[in-house]
Structures are given as C-alpha cells and as structure tokens.
Amino acid sequence: MRFIVNGPTTIHGTISVRGAKNAALPLLAAGLALDAPVTITRVPAIEDVARMVEIMERLGAVVSRGADGTLQVNAAALRSGDLPADLTGKLRACTILLGPLLARFGRAVLPQPGGCTIGQRPIDLFVDGFRAFGIEVTEEGDVTRFVGTPHAARYVFPVVSVTGTETLLLLAARTPGESAIENAAMEPEIPALAAFLNGCGARIEGAGTPTIRITGVDHLTSGTVACIPDRIETVAFAALVAACGGDLEITECAPAHVAVPLKLLTAMGAEVVADSVAGTIHIRATPPLRAVAIRTHEYPGLATDAQPPLTVALTQAQGVALVHETIYEGRLLFVDKLNKMGANIILCDPHRCIVDGPRRLHGTTLESPDIRAGIALLIAAACAHGRSTIANAYQIDRGFANIEERLRSIGVDIRREDS
Ligand code: EPZ
Numbered sequence: 001m002r003f004i005v006n007g008p009t010t011i012h013g014t015i016s017v018r019g020a021k022n023a024a025l026p027l028l029a030a031g032l033a034l035d036a037p038v039t040i041t042r043v044p045a046i047e048d049v050a051r052m053v054e055i056m057e058r059l060g061a062v063v064s065r066g067a068d069g070t071l072q073v074n075a076a077a078l079r080s081g082d083l084p085a086d087l088t089g090k091l092r093a094c095t096i097l098l099g100p101l102l103a104r105f106g107r108a109v110l111p112q113p114g115g116c117t118i119g120q121r122p123i124d125l126f127v128d129g130f131r132a133f134g135i136e137v138t139e140e141g142d143v144t145r146f147v148g149t150p151h152a153a154r155y156v157f158p159v160v161s162v163t164g165t166e167t168l169l170l171l172a173a174r175t176p177g178e179s180a181i182e183n184a185a186m187e188p189e190i191p192a193l194a195a196f197l198n199g200c201g202a203r204i205e206g207a208g209t210p211t212i213r214i215t216g217v218d219h220l221t222s223g224t225v226a227c228i229p230d231r232i233e234t235v236a237f238a239a240l241v242a243a244c245g246g247d248l249e250i251t252e253c254a255p256a257h258v259a260v261p262l263k264l265l266t267a268m269g270a271e272v273v274a275d276s277v278a279g280t281i282h283i284r285a286t287p288p289l290r291a292v293a294i295r296t297h298e299y300p301g302l303a304t305d306a307q308p309p310l311t312v313a314l315t316q317a318q319g320v321a322l323v324h325e326t327i328y329e330g331r332l333l334f335v336d337k338l339n340k341m342g343a344n345i346i347l348c349d350p351h352r353c354i355v356d357g358p359r360r361l362h363g364t365t366l367e368s369p370d371i372r373a374g375i376a377l378l379i380a381a382a383c384a385h386g387r388s389t390i391a392n393a394y395q396i397d398r399g400f401a402n403i404e405e406r407l408r409s410i411g412v413d414i415r416r417e418d419s
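No gaps in the numbering here: position 286 of the sequence shown is 286 in our numbering, and each next residue is one more.
Next comes the structure, spelled out in structure tokens:
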C-alpha cells in the first residue's frame, strides 16, 4: 500500500486530533492489571492498537470493540504471559504488557520486540528494572524470560524511559509494599495512566514528576478512561501548515502538551493562537518562515517524535538551523530522503543535522521508514512541486488513523493505492 501526493499545497480548514497512540497502548496494558473490565474511549483506529489487541487476545484477554473508538478489555480469562513471537516483532510497545503479566503470573516470555528503525532500542532498562523488583531474567538469544514473585523496590532509571516507567508503574501498582521509581519519565501519558489506575484503587503519587511513589494494592476495580489527545499528531498538523503555508484550526487537542513546539513555530514566524479550554490551536503561516534551531528532550522538552515534521518545516524556512536529536541515534537517517527531494540538509553525526532553507522540493518516489518519518515525508510531499509516491503506508497507518481522508479535508491532494 502506498500514498500518492501532488503538491504544492496551501493548507486550509479544520482538523480534529485523535486519541494518543502512546496513551492507548499503556491503557490497554493496564487492562491486564485490573480485576474487572476496563472501557477505554477515544482509542485511535491505528495499526499499533490493532497489534496490541491481537497480542492481548492471544494471551487470553477478551477485547470488545464499541462505537467510535471504544474498546473494552476483560482480562478474567488471561492464561499466559508468553508473548507471541510472530506479533512482538511488529510492536515494540508490547514490552509494557510485561508489567501486569509479571504482577499477575510471576512469569513472562518476551521474543525480541520490534518497532521502528529509529535506533537500536535495547530493553536493558526493563531487564534492570525487573531485576530490582526481584524478577529473575534470562536472555536466550532473541528470547528473554522473566520469572519470580515481585517484591516492592526502589528503581532509579539511569536513562529516562517512557514505556520503561509505564511498565514498572503497572508492576508496582499490584506488588505489595512501598515502591519508588526515580528519574521517571514525565510525558503526559504517564500521569494520565496513573490517574486512571488511582481511579481503580491504586495508590500512586508523583506521576508526572521525576519521582513516583507507589503503594501496591491487591485489588484494582474496573474503570472507564479516555485517551488524552495525541500531541504528536497535533505537532505534525501544525508543521504541515508551517511547511506548506495556510490557515488551520486544530481541534480536540491539548495545547498545554505542545507548549515547546508551539513556541518554536511562533519563533519561526507562524501565527499561533492556542486555547487550552476549548482544546484548539489556530495556526496561520506564510512561507518562508524563519529557521530556528531545534533540540529534542524528554518531556516537557521537544518530543523526539515531533522532530521529523519540524525538520521538514525547516527545509522551507529562511536560514540555517541545527537539528539536535538527543534521544535516538537513527531518527535523522530519513533526511537523505528529503535531500533526494531537493532539500539541503547536512547530516553532521547520528544526532545532529544542519538544515539550509528555503529549498524548493520536488516530488519523487519514497518509502516510509517509520511512523514519524513517514508523516514527515507526507508533509514534504505536500509542499513539494509535482507528484510523490510514498510506499510502506503501513508505517504511517501504525500511528495516524485515516490519514489520507483527514489530510484531503484540509487541502492536500493525496490518495491511497495498492503498491
Ligand atoms: C516511547 O518509546 C514512545 N512509544 C516513542 O514513540 C517515543 O519516541 C519514546 O517514548 C521517547 O519519547 C510509546 O510510548 C509506545 P524510551 P520508548 O524508552 O518508551 C533508550 C512513536 O513513534 N532505552 O523513552 O520505547 C532508547 O533507546 C514512538 O510513537 C534504552 O537504552 O522509548 C532511547 O534512546 C517511537 N534501554 C531512550 O532510552 C531501554 O531498555 C528513550 O527511549 C529502553 C530505552
């Protein structure tokens, strides 16, 4: 499956943001930690959610689909902690399931998790964290085995890890005693997860700060929870306007979660009006904007997932800017595809590139290497002159629901076709 895009485009209209992929995945995993069904609303219709549901169903959970993005997870019949090798390779986030599975069974098997090509993405922090909680971990080739009855622990993350924090949070919530997670990730999806668990009877304090304290409980009731808006989608749509020019109302979003990207877009010369009460962002831009340096950082810094769309916007901005990708060593490799379209980007090292703009991009044949580079290539194709083909649409569908209909509704000439 591939996308065909004809540019250049001027963006106009209104687009609503879906529930966050990176909120839905830990909430689905949380469903395995509860003693009664959980109902999750605003679940985005994306491939990564479908893979997570398939994995959970293989383990014995029953997941039923309601109307407009509602899922109900019933873990009563959960029977195994052996994650299926044919599916874990498609979804790195399956690692989050290890937390509730170890709390429930004291045993889990993880074949090599897959995911994006943005970096090596080891699981050493998960192994180290589980060992701190008393779990015995053995690594046999591509398979990692976890066995043991967890005990309360204090774990200090040497490197901030989002799903690492979520996984240990889910383990500690059901492990008797007082646990602590230090140097915890602070991404908005984590306080959202903790708030939901507390609503089900958990005792978690400090989520959203670097130190989370958890008092394990032996029972978690059911609950209903909505996925928070997808902050990465929000930035992708704003970067689309910055790259192409136009006037866009972004709705059903959480401006507070994208304060840094909005600051950068304003510094570039876009007109940004955010309304946190209404959950809207109005962005207007007339290229060329001004180039500004960007540096990714754990939340509340600039999200690494928001960097590829902003890098495309920089190719259309006046000036030279350094892009410093501090989190992943492979995430900048997609800039060679932008250079193939006519951009002028120098890759200085795996973590830095220099963008010199504005450069007129021309359509070409491309392939999406991962979710966020994929949406960045769609943005580049929308502002490029001529026809672009973007293969491996699955990578974009992993994180963006119905993307072609939604982009078409704001002026992008895009269609999907079989490869
Ligand atoms: C989460 O991945 C997100 N995924 C990623 O989004 C996001 O890029 C990342 O956080 C950083 O914000 C989900 O939430 C499902 P990390 P995660 O552990 O938790 C290193 C997307 O496109 N590390 O915070 O896997 C790692 O290599 C995806 O939506 C270890 O060294 O990322 C990275 O350099 C892509 N050992 C850094 O930590 C480990 O055991 C941060 O990664 C784990 C991670």
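The beta carbon of each residue, even a glycine, is placed where N, CA and C say it ideally should be.
query	result
Starting from residue 19, trace the beta strand (DSSP E) in both directions and tell me its first and last residue.	Premise fails: residue 19 is in no beta strand (DSSP E) and is neither H nor E.
Any chance you could list the alpha helix (DSSP H) runs of at least 4 consecutive residues sitting entirely within the segment 15-78, in chain order?	21-30 and 47-58
With a 10 Å radius around its C-beta and 16 neighbouring C-beta atoms as the bar for buried, classify residue 159 as buried or exposed.	exposed
Based on Cα-Cα distance, which residue from 349, 382, 31 and 305 lies nearest to residue 338?	382
Does the ligand EPZ have a heavy atom nearer than 7 angstroms to the CB of residue 51?	no
Can you give me the C-alpha to C-alpha distance between residue 279 and residue 232, rounded to a whole angstrom?	15 angstroms
If we count the other Cβ atoms within 10 Å of its Cβ and call it buried at 16 or more, is residue 349 buried or exposed?	exposed
Report whether the distance from the Cβ of residue 294 to the nearest heavy atom of the ligand EPZ is below 7 angstroms.	no
Is residue 72 close to chain D? Criterion is C-beta to C-beta, closer than 8 angstroms.	Absent from the structure is chain D; it holds one protein chain and no more.
Please classify residue 248: does DSSP put it in a helix, a strand, or coil?	strand
Do you know offhand how far residue 404's Cα is from residue 165's?	33 angstroms
Once the 5 residues before and after residue 360 are set aside, which same chain residues still bring their CB inside 7 angstroms of it?	342 and 385
When DSSP labels each residue in this structure, what does residue 395 get in the three-state scheme?	helix
Would you be able to state if there are at least three C-beta pairs under 8 angstroms between the segment 66-74 and the segment 88-105?	no
With a threshold of 7 angstroms (Cβ to nearest heavy atom), would residue 311 be considered close to the ligand EPZ?	no
In chain order, what residues of the same chain have a beta carbon less than 7 angstroms from the beta carbon of residue 142, not counting five sequence neighbours either side?	111 and 112
Apart from the five residues just before and just after residue 119, which ones in its own chain have a Cβ nearer than 7 angstroms to its Cβ?	328, 329, 330 and 331
Applying the criterion that 16 or more other CB atoms from any shown protein chain within 10 Å of the CB defines a buried residue, is residue 263 buried or exposed?	exposed
Using a 10 Å radius around the Cβ and a threshold of 16 neighbouring Cβ atoms, would you call residue 346 buried or exposed?	exposed
What's the call for residue 122, buried or exposed, on a 16-neighbour Cβ count within 10 Å?	exposed
Tell me whether residue 163 counts as near the ligand EPZ, meaning its Cβ is closer than 7 angstroms to at least one heavy atom of that ligand.	yes
Compute the distance between the beta-carbons of residue 281 and residue 238, then report whether it is under 8 angstroms.	yes
Does the segment 237-256 come close enough to the segment 211-227 to have 3 or more Cβ pairs within less than 8 angstroms?	no
Since residue 30 and residue 84 are thought to touch, with beta carbons under 8 angstroms apart, how far apart are those beta carbons, to the nearest angstrom?	Actually they are not in contact, since the Cβ atoms of residue 30 and residue 84 sit about 20 angstroms apart, beyond 8 angstroms.
So for residue 275, helix, strand or coil by DSSP?	strand
Quick one: Cα of residue 372 to Cα of residue 363, how far?	19 angstroms
If the criterion is Cβ atoms closer than 8 angstroms, does the pair residue 17 and residue 252 meet it?	yes
Identify every run of the alpha helix (DSSP H) within the segment 95-147, keeping only runs that are complete inside it and at least 4 residues long; order them along the chain.	98-105 and 124-132
To the nearest angstrom, report how far apart residue 35 and residue 169 are at their CA atoms.	17 angstroms
Ordered along the chain, which non-local residues of its own chain (more than five positions away) have a Cβ less than 8 angstroms from that of residue 351?	324, 325, 326, 329 and 332
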